[in-house]
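> The sequence shown begins at 1 in our numbering and counts up one residue at a time.
From the three backbone atoms N, C-alpha and C, an ideal C-beta is built for every residue, glycine too.
Okay, handing you the structure first.
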Amino acid sequence: MLRFLIADDHAIVRKGLTQILLKEFPSAEIFEEVDGEGAVNFIIKQDVDVVICDLDMPGRGGLEALPQIKDIKPYIPVLVLSFHSEDQYAVRILKAGASGYLKKDMAPEELINAIRRVLLGKKYISPSVAEQLADGFDFNGNKQPHELLSNREFEVFRLLANGKSVTEISKMYSLSSTTVSTYKARILFKMNMNNSADLVMYALQNNLM
Numbered sequence: 001m002l003r004f005l006i007a008d009d010h011a012i013v014r015k016g017l018t019q020i021l022l023k024e025f026p027s028a029e030i031f032e033e034v035d036g037e038g039a040v041n042f043i044i045k046q047d048v049d050v051v052i053c054d055l056d057m058p059g060r061g062g063l064e065a066l067p068q069i070k071d072i073k074p075y076i077p078v079l080v081l082s083f084h085s086e087d088q089y090a091v092r093i094l095k096a097g098a099s100g101y102l103k104k105d106m107a108p109e110e111l112i113n114a115i116r117r118v119l120l121g122k123k124y125i126s127p128s129v130a131e132q133l134a135d136g137f138d139f140n141g142n143k144q145p146h147e148l149l150s151n152r153e154f155e156v157f158r159l160l161a162n163g164k165s166v167t168e169i170s171k172m173y174s175l176s177s178t179t180v181s182t183y184k185a186r187i188l189f190k191m192n193m194n195n196s197a198d199l200v201m202y203a204l205q206n207n208l209m
């Protein structure tokens, strides 16, 4: 019997994914969590065959939860779902340990194909992402400014670009405001920008919001 964990903050998405999974795998057990923290705590206690995790969730998002899940149980494949463009997120997600990255507007058949592939211990990579990897996407000389950020810095960057304050971010991640301010300073330095307004403009221009 297959066991799946779905981590997504939208009930309608969890229900839709559950219906797709049960149609293909009628005897499967489906577990649900509403955020990354819940997913990590679940994985500490139980095993599943596949985790299906949303990239954008309140508090600890998929990009934050992913390496923690892989540290706890590296053998569990994680598929990350998002509305964001593959061009901007897929390679980062794969490098963080995901077994695949899927757009939320995918056909149900694509999700099932991805699940069957990761159950065999393989990665699910679309042709466009494979091309990025083949072109040496991860060399510093070819990187865009946001690709120089660590995963935590990238999460803070996205939150700042979406209008969150340092205080709000510190509460979301249970960090001190000083620590978040340090992250912000690193982000501005690495991306060669002056202030949050520059980050917002960059995020808009590069479809990162």
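1. Sorted by chain position, which residues of the same chain lie with C-beta nearer than 7 Å to SER181's C-beta, five sequence neighbours on each side aside?
2. Does the count of Cβ pairs from the region 106 to 120 and the region 146 to 154 closer than 8 Å reach three?
3. I need the DSSP call for ASP138, collapsed to helix, strand or coil.
4. Just tell me which of GLN144, LEU208, LYS122, ARG60 has its CA closest to the CA of ASN192.
5. Which stretch, first to last residue, makes up the beta strand (DSSP E) that contains PHE4?
6. Does DSSP classify GLY16 as helix, strand or coil?
7. In angstroms, rounded to a whole number, what distance separates the CA positions of THR179 and SER170?
8. On the premise that VAL51 lies in contact with VAL78, defined as a C-beta separation below 8 Å, what is that separation, rounded to the nearest angstrom?
9. Do you know how far the Cα of ALA65 is from the Cα of ASP138?
10. What is the DSSP secondary structure of LEU149, counted as helix, strand or coil?
11. Quick check on GLY100 - is its C-beta less than 7 Å from some C-beta in chain C?
12. Check TYR101 in the structure and name its three-state DSSP category.
On the basis of the coordinates in this document:
1. VAL166
2. no
3. Caution applies to ASP138, whose pLDDT of 49 falls short of 50 and renders its modelled position unreliable; the model cannot decide the point.
4. GLN144
5. 3 to 7
6. helix
7. 8 Å
8. 4 Å
9. Interpretation of ASP138 is limited by its pLDDT of 49, a score under 50 that renders its predicted location unreliable; the figure taken from the coordinates is listed afterwards. Straight-line Cα distance between these residues: approximately 22 Å.
10. coil
11. The displayed structure is made up of one protein chain only, and chain C is not part of it.
12. strand
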